[in-house]
Amino acid sequence: MTLKAEEILNILKNSLGDALIEQEIKTYSLGALRKRECSEVWIKIDRGAFRKAVEEIFKLDYPHLHFITGEDVGENLEVIYSFGLFHGQPGKEISVVIKLALPKSELVLPTITDLMMGAETNEREIREMLGVEFEGLKKKRHLFLPDDWPEGKYPWRRDEFGVDDMIKHTHKSVKEIRGGKE
Amino acid sequence: MTKSQYYIPIGPIHPALKEPIRVEAKVEGEKIVEADVKRGFAHRGIEYMGMKRNAIQALYLSERICGICSISHPYAFVVGSEKALGIEAPPRAQYIRTIIAELERIHSHILWLGVVAHEVGFDSLLFWTWKGREKVLDVLELISGNRINYSMYMIGGVRRDLKESHIKALKEMIDYYRIFNQEMKNLFLADPVYKARTRGVAQLSKEMALKVNAVGPTARAAGLRMDIRQDIPYDAYADIEVRGIVPQDIVGEVYGDAYDATLVRIYEIDQSVDIIEYCIDNLPEGKIMAIPNYVVLLSKIKRTKGEGIGAHEAPRGEVIHYFKYDGTRDGPAVWKVVAPSYNNINSWAPLLLGAEVADIPVVVAYIDPCMCCNDRIAVVRDSSGKIVDSTTLHRMAVEKTMRIKKELGVKK
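Here the protein sequences come in this chain order: A and B.
Position one of the first sequence corresponds to residue 505 (this note's numbering), numbered consecutively onward.
Position one of the second sequence corresponds to residue 914 (this note's numbering), numbered consecutively onward.
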């Protein structure tokens, strides 16, 4: 069974209702001589409906988790999940990208490791890089950062919790290092 | 009763590992009862650096994420950036990209076959396979000028064109690998010792492969028909109808073990050779860059707002890059890299449970791990807790070398 991007979006719309804030279907034409359409479903949802949206996706097909990432956008953190649905069928894979805004005062999300064991790596990375807590995540040891990494420092944050004071050159542009000359 | 459980740390630096990672195993006798993996020993904060640089600088940086599959990350980078920026590469460039990516798959798979032969203790086979790998490296050097880090790709095309002499060399190479791969099939797949050492080791079921989010040849060896070249075809792959290679199509049954992983990789070399042959026979004419001027390209990036996901099927599995260009600077505002080993290492902990200590190298090697891909800030502190900068580190390294030389009595 495969579904088209519009059908997936409709299913999500029906189950999420008002929690769906923004929606978009992005279509790209890929290929050199024989063009093919490839679609992606991009949605922005309310953080409270996150778990429901993920469960809805798991009902359609067992997805493949592409990535979890996040960006520090001032007052909020924007967390992005991307799932690949219907992989294994030629030309039919559709990415479903879920975005949610997390206020910095309450950086908590439910874990998805009970549905997909492999998501542990991604969640542990986001936890140490951005400081988002995942409710229900069992292993909380640092993954990429050393075990003695100082508490309350998150490399991807752009506020006072960031690491700019810890690094000498890597965070500067070439221009800054050369003193304004490029 | 006496203590029967022991803790065995393997790595980060260990003779059986080519790159740093730590496997912490608890064993009872020979059986492993608990396993944990600690990553990050090669973390260099490349994504962080990329977000401070312009897109072209970050593209070259992405090539240095991995030393073996150095074109996989640029490939996902250009595909993702082109989606985000709305640029389309000319057909000829798309074909050349595919050729380079497949050349790399051949050399990476042969490298793995050599490594796994070494891990099972068959060193003469290691030297023989790596001798065969030289051919493809020579061709890559001829085309790009380098054995690794080819710097071929650019957002919206490729930097170097294929000449007649390159095509001649590619054709010669194709003939060479048709024969060489047949020999490899005989040596690996038909060899009773190799079969005895790998059959049933590191066995991953289809369900488990899905749950741990396995990708690439690891997932395909477990019978999952997933391959980015097939699922979301891009560039020349969309013209070729690539199909993922799974053991059930070749031998009719799936074990999902290290033997099946070997099978899948050897047959993928055949597939890569076929793809290269198709591409050079059908190579379209025309230009190779959509925007040949870098200044124009960078100013376009600076003006464009957009997001995109680039995916490429690297030799080890899918590489995914996520980009966000915010329209204020000429580089990515957010850049997230997910490499195949990032996902495939998830399979170690379940696979090691119940295995024997002697199987650890095979389990570790069968996914073809690439730590530099998986880890992407290293800070060194002195005894008082202060961060040591790179100049001091370099001075200390030179001093140490001098001291050792003196101690050993080395004159010049």
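Don't be surprised by glycine CBs; every beta carbon is placed ideally from N, CA and C.
In this text the structure is predicted, and so the values were computed from the model without any measurement.
### First and last residue of the uninterrupted alpha helix (DSSP H) at B/S994
In the second sequence, the residue the question calls residue 994 of chain B occupies position 81. Looking at the DSSP string, the run of the alpha helix (DSSP H) that includes B/S994 is 985-998.
### Task
Drop a sphere of 10 angstroms on the beta-carbon of B/G1305, count the other beta-carbons inside from all chains shown, and report buried for 16 or more, exposed for fewer.
By 1-based counting over the second sequence, the position of residue 1305 of chain B is 392. The sequence shown places Thr at residue 1305 of chain B, not Gly. Looking at its Cβ environment, which holds fewer than 16 other Cβ atoms inside 10 Å, B/T1305 is exposed.
#### Entry: Residues of its chain near B/A1006, where Cβ-Cβ distance is below 6 Å and the 5 sequence neighbours each way are ignored
Counting from 1 along the second sequence, the entry for residue 1006 of chain B is found at position 93. Answer for B/A1006: G1070, V1071, I1201, listed in chain order.
### Task
Specify, as a first and last residue, the run of the beta strand (DSSP E) that B/P1205 falls within.
Start at 1 with the first residue of the second sequence, and residue 1205 of chain B comes out as number 292. Element bounds for B/P1205: n/a, residue is neither H nor E.
### Message
Rounded to the nearest angstrom, what separates B/S1021 and B/N1259 at their Cα positions?
### Response
Looking up residue 1021 of chain B in the second sequence gives position 108. Looking up residue 1259 of chain B in the second sequence gives position 346. Near 21 Å, if we compare the C-alpha coordinates of B/N1259 and B/S1021.
#### Entry: Identity of the residue in B/L1117, B/I1214, B/R1216 nearest B/F1167 by Cα
Counting from one through the second sequence, the residue named residue 1167 of chain B turns up at place 254. The sequence shown places Val at residue 1167 of chain B, not Phe. Here the closest residue by C-alpha is B/L1117.
### Message
DSSP three-state label for A/H570, please.
### Response
Taking the first sequence and counting its residues from 1, the one referred to as residue 570 of chain A is at position 66. Strand, per DSSP.
#### Entry: Rounded separation between B/R1316 and B/R1308 - CA only
Here residue 1316 of chain B corresponds to residue number 403 of the second sequence, with the count starting at 1. Here residue 1308 of chain B corresponds to residue number 395 of the second sequence, with the count starting at 1. Roughly 12 Å between the two C-alpha positions.
### Query
Going by Cα to Cα distance, which pick from A/S599, A/P614, A/L634 is closest to A/G531?
Mapped onto the first sequence, residue 531 of chain A falls at position 27. According to the sequence as given, residue 531 of chain A is Thr; it is not Gly. Residue A/S599 is the option with its Cα nearest to A/T531.
### Message
Between B/Y988 and chain A, is the shortest Cβ-Cβ distance under 9 Å, so that the two count as touching?
### Response
Residue mapping note: residue 988 of chain B aligns to position 75 of the second sequence, counting from 1. Closer than 9 Å: no.
### Message
Please report the distance separating the alpha-carbon of B/V1186 from that of A/L564.
### Response
Mapped onto the second sequence, residue 1186 of chain B falls at position 273. Mapped onto the first sequence, residue 564 of chain A falls at position 60. Distance between the alpha carbons of B/V1186 and A/L564: 37 Å.
### Task
Step through the CB atoms of chain A and report whether any lies within less than 9 Å of the CB of B/Y1255.
By 1-based counting over the second sequence, the position of residue 1255 of chain B is 342. With 9 Å as the cut-off, B/Y1255 counts as an interface residue toward chain A.
### Message
Counting only C-beta atoms, is B/H1307 closer than 9 Å to chain A at any point?
### Response
Within the second sequence, numbered from 1, the residue matching residue 1307 of chain B stands at position 394. B/H1307 does not count as touching chain A.
#### Entry: Stretch pair the region 567-574 of chain A + the region 614-629 of chain A: three plus CB contacts closer than 8 Å
yes
### Task
Confirm, please, whether the CB-CB distance from B/R1010 to B/M1065 is below 9 Å.
Locating residue 1065 of chain B in the second sequence gives position 152, counting from the first residue. Locating residue 1010 of chain B in the second sequence gives position 97, counting from the first residue. Against a cut-off of 9 Å, the Cβ pair of B/R1010 and B/M1065 comes out as a contact.
### Message
Less than 9 Å between CB atoms is the rule here; does B/Y1008 satisfy it with respect to chain A?
### Response
Taking the first residue of the second sequence as position 1, residue 1008 of chain B is located at position 95. B/Y1008 counts as touching chain A.
### Message
Taking 9 Å as the threshold (beta carbon to beta carbon), is A/A509 in contact with chain B?
### Response
To locate residue 509 of chain A, count along the first sequence from 1; it is residue 5. False, the Cβ-Cβ gap to chain B never drops below 9 Å.
### Query
What residues in the region 545-570 of chain A have a beta carbon less than 7 Å from any beta carbon of chain B?
Y566, H568, L569, H570
### Query
Whose Cβ in chain A lies nearer than 7 Å to the Cβ of B/Q1143?
Looking up residue 1143 of chain B in the second sequence gives position 230. Chain A residues near B/Q1143: P594.
### Task
Could you give the DSSP three-state label for B/Y920: helix, strand or coil?
On the second sequence, position 7 is the one that residue 920 of chain B refers to. Residue state, collapsed to three classes: strand.
### the region 937-954 of chain B / the region 1176-1191 of chain B touching (three or more Cβ pairs under 8 Å)
no
### Cutoff 9 Å: A/E575 Cβ touching any chain B Cβ
Sequence index remark: in the first sequence, residue 575 of chain A carries index 71 (1-based). True, the Cβ-Cβ gap to chain B drops below 9 Å.
### Query
Hey, would you say B/D897 sits closer than 9 Å to A/G640, going by beta carbons?
No answer is possible for residue 897 of chain B: it lies beyond the span of chain B, which begins at 914 and ends at 1325.
### Message
Rounded to whole angstroms, what is the Cα-Cα separation between A/R644 and B/P928?
### Response
As a working mapping, residue 644 of chain A is identified with position 140 in the first sequence. As a working mapping, residue 928 of chain B is identified with position 15 in the second sequence. Note on residue identity: the sequence assigns Lys, not Arg, to residue 644 of chain A. Cα to Cα, A/K644 sits roughly 29 Å from B/P928.
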